[in-house]
Each structure stands twice: as structure tokens, then as C-alpha cells.
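The structure under discussion appears below in the form of C-alpha cells.
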Amino acid sequence: DGGWGYYDFGNSLKRPSGDISTTFSTAAALVALREARRIDLPIHDHNIQIALDYLERLRVPNGAYFYSTGHKYSPMWDPNLPRGSLGRSQGGDNALFTWDRTITTDTLKKQLDYFFKDHVFIEMGRSREYPHEAWYATAPYYYYYGHYYASRNVLALPEDIRAGYSDKLAKLVVAGQYDDGSFWDYPLYGYTKAYGTGYGVMILSNLKKAARTSP
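Quick note: the sequence shown uses my numbering, first residue 1, plus one each step.
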């Protein structure tokens with residue numbers, strides 16, 4: 001179907017079946033491949049185009065993204081609603097914008113406004129023990145994922161509004177920093193704080209850059 005996945009719900013195989021592509025895995029891959037293209041690594045156009053087509057197919061007009069291909073048959077299921085997609089939507093929008101497909105700066109601004117307005121619905125999932133136990137089936141690991149791509153979207157905004165959005169997002173992220181200086185959103189194996197803090201640093205670095213490049 002053109003996307004990338006990370007998990008195989010129906011099979012326990014040494015090699016994943018590849019049957020479950022997810023929009024957030026695909027978005028992350030596309031953003032990384034855009035950086036690879038920027039430094040002239042050989043990236044096949046066909047792979048990029050079918051992945052972008054996949055993301056566009058699974059993007060809902062209200063700004064949400066279906067979790068995976070099969071979810072298009074359950075459009076009103078909690079994770080596929082705008083509040084359930086809150087963290088994933090930022091990544092999808094950034095991937096499409098980065099590759100000059102569908103998303104404009106006006107769309108990024110609108111989606112960031114919605115992200116701030118309903119932020120409580122991603123915040124309530126942060127640092128919970130089990131995935132998808134929060135309202136709208138929000139998983140803890142969407143938290144810093146979503147904020148990272150939100151910070152990239154802030155960088156893409158027009159200069160005259162960039163600083164305000166940067167400050168607003170930075171305050172939300174810093175509020176979640178722990179006393180030992182770490183950031184984390186999900187107790188994942190042994191690298192809970194390592195990956196979370198990495199995200200935190202990248203987010204704040206992007207927002208610092210956004211603030212500096214504003215008039």
C-alpha cells in the first residue's frame with residue numbers, strides 16, 4: 001500500500017508480514033528520506049511517491065489521519081478522530097509539507113491551533129503504563145513524537161507568527177521535564193529516558209531556532 005509499519009498485530013513472525021502500514025511510521029520515514037535526498041543519497045522516486053499517496057489517502061478532511069490502512073473502515077473509531085490523531089497528525093502534515101504535497105503553511109497553522117486547543121487529550125496519555133488507555137485511545141509514545149513534528153511545523157510558519165507559536169509549544173514541553181532533567185512519555189524497555197530526552201532536546205532546539213529567525 002506504499003506505507004511503512006512497525007508492528008504486526010496478527011502474526012508473530014521473525015520477519016514482519018508488512019501488512020500493517022501506519023501513517024505515523026510512514027510520516028517519520030518520509031521526513032528522514034527527505035533529509036537523505038537533501039544530502040544527495042540515492043532515493044528512488046517511486047518509493048517516495050507511493051508513500052506520499054498512502055498518506056494522502058489516509059488523511060481525513062478534518063485533519064486527522066487514520067491509524068493504519070485497515071482503520072479506514074472504522075472512520076468514527078476513537079483513534080481516527082481528530083483528538084485521537086492529535087499527535088500523529090503533526091507528523092503526517094510535516095511529511096506532506098516537506099515533500100510539497102497537499103499541505104500549505106495555512107494548513108500547518110490551522111493544525112497547530114487545533115493541537116494547542118485540544119492539547120489536554122494528548123497530555124492525558126503521557127507517561128501512562130499501557131498504550132491507548134487514555135481517552136481517544138491516545139498512546140503515551142505519541143506525545144513527544146507529536147511535539148517533535150509540531151516543532152518542525154512551527155519552523156515552517158511565516159516569520160511574523162513563528163515566535164509566538166514557538167513560545168507556546170516550548171512552554172508545554174518544558175512543563176513536562178522531570179527533576180533530573182529528562183523527558184519521557186512511555187516506559188519503553190531500558191531506554192525510556194534516553195529516547196524521550198532526545199526528543200525533548202530536538203524539540204527545544206527547533207523552537208529556539210524558530211524564535212531566533214522571527215523578526
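By construction, the Cβ of each residue, glycine as well, lies at the ideal position given by its N, Cα and C atoms.
The model shown is predicted, which means the values in this text are computed figures rather than measured ones.
Inset, instruction - With distances taken Cα to Cα, identify the nearest neighbour of P61 among F9, L172, S85. - result: Answer by Cα proximity: S85.
Legend entry - As assigned by DSSP and simplified to three states, the class of W135: Residue state, collapsed to three classes: helix.
Legend entry - Y130, DSSP secondary structure in three states: Note: Y130 maps to coil in three-state DSSP.
Inset, instruction - Give every residue of the same chain whose Cβ lies closer than 7 Å to the Cβ of I122, excluding the five residues on either side of it in the sequence, and list them in chain order. - result: Result list for I122: L86, G87, T138, Y142, Y143, G146, in chain order.
Legend entry - Residue burial classification, F9 (beta-carbon count within 10 angstroms, cutoff 16): Counting Cβ neighbours within 10 Å, F9 comes out exposed, since fewer than 16 surround it.
Inset, instruction - Please determine if the region 18-27 and the region 68-78 are in contact, where contact requires at least 3 C-beta pairs separated by less than 8 Å. - result: Result yes; three or more Cβ-Cβ pairs closer than 8 Å.
Inset, instruction - Please list the segments of the alpha helix (DSSP H) lying wholly inside the region 71-150, counting only runs of 4 or more residues, in order along the chain. - result: Complete alpha helix (DSSP H) runs here, min 4: 86-98, 105-117, 120-123.
Inset, instruction - Closer than 8 Å by C-beta to V31: which residues in its own chain qualify, once you throw out the five before and the five after it? Chain order, please. - result: Excluding residues within five positions, the ones whose Cβ falls inside 8 Å are G91, N94, A95, T98, Y149, R152.
Inset, instruction - Note down, in chain order, each residue of its chain lying with its Cβ closer than 7 Å to the Cβ of A156, except the 5 sequence neighbours on either side. - result: The answer, listed in chain order, is F97, T105, L108.
Legend entry - Endpoints, the alpha helix (DSSP H) within which Y199 is located: That run of the alpha helix (DSSP H) goes 192-212.
Inset, instruction - Could you pull the start and end residues of the alpha helix (DSSP H) that Y165 belongs to? - result: Segment 159-174, the alpha helix (DSSP H) holding Y165.
Inset, instruction - Taking all protein chains shown into account, decide if F115 is buried (16 or more other Cβ within 10 angstroms of its Cβ) or exposed. - result: Residue environment analysis places F115 among the buried positions, since at least 16 neighbouring C-beta atoms fall within 10 angstroms of its C-beta.
Legend entry - One or two residues paired with T22 in a DSSP bridge: Partner(s): W4, S68.
Legend entry - Nearest-angstrom beta carbon gap, P140 and Y186 [assumed within contact, 8 Å]: About 4 Å separates the CB atoms of Y186 and P140; that is less than 8 Å, so the two are in contact.
Legend entry - Residue range of the alpha helix (DSSP H) that includes R51: Note on identity: in this sequence residue 51 is Ala, with Arg being the wrong assignment. For A51, the uninterrupted alpha helix (DSSP H) segment begins and ends at 45-57.
Inset, instruction - Assuming Y136 contacts R83 (C-beta within less than 8 Å), just tell me the rounded distance between them. - result: The pair is a contact, with the Cβ atoms about 4 Å apart (cut-off 8 Å).
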